[in-house]
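Count along the sequence shown from 1, add 14, and you get the number used in our numbering.
Shown next, in structure tokens, is the structure this report addresses.
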Amino acid sequence: MNISHDATPKMNIVAIKIANRSAGATKVQQLLTQYGCYIKTRIGFHHTAEDHCAEDGLIILQMVGGCEVADELIDKLNVLEQVQAKYVAFP
């Protein structure tokens with residue numbers, strides 16, 4: 015998925031939705047490790063309680079290295095089952 019970037023954003027944000035963390039987290043983690051030098055900030059969210067831990071989760075990445083690196087990671091993430099990644103640009 016090549017995204018048209020009209021202006022160079024000051025922040026490259028990638029949002030990753032994982033529908034089944036038990037099944038998909040390992041492959042997602044492998045990709046995040048591969049792109050680790052381009053990830054400035056990583057925040058993960060999922061619902062949890064003493065008696066419950068949700069299977070779905072959301073990861074927000076702040077990336078460096080330009081839009082091309084973010085596009086490449088998004089393409090690789092979107093190939094994985096039950097994983098959806100999107101790019102968010104703030105000018």
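A virtual CB, placed ideally from N, CA and C, is assigned to each residue, including glycine.
Quick caveat, the model's predicted, so the values are computed rather than measured.
Check                                                                                              : Outcome
DSSP-derived helix/strand/coil call for Val102                                                     : strand
Close Cβ partners of Ile53 (< 7 Å) along its chain, the five nearest in sequence each way excluded : Leu46, Leu75, Met77
Which listed residue (Asn26, Val28, Ala37) has its alpha carbon closest to that of Glu95           : Ala37
Candidates Ala68, Ala103, Asp89, of which the one nearest Ala33 by Cα                              : Ala68
Under the three-state DSSP convention, the category Val97 falls into                               : strand
Beta-carbon gap between Ile73 and Ile30 smaller than 8 Å                                           : yes
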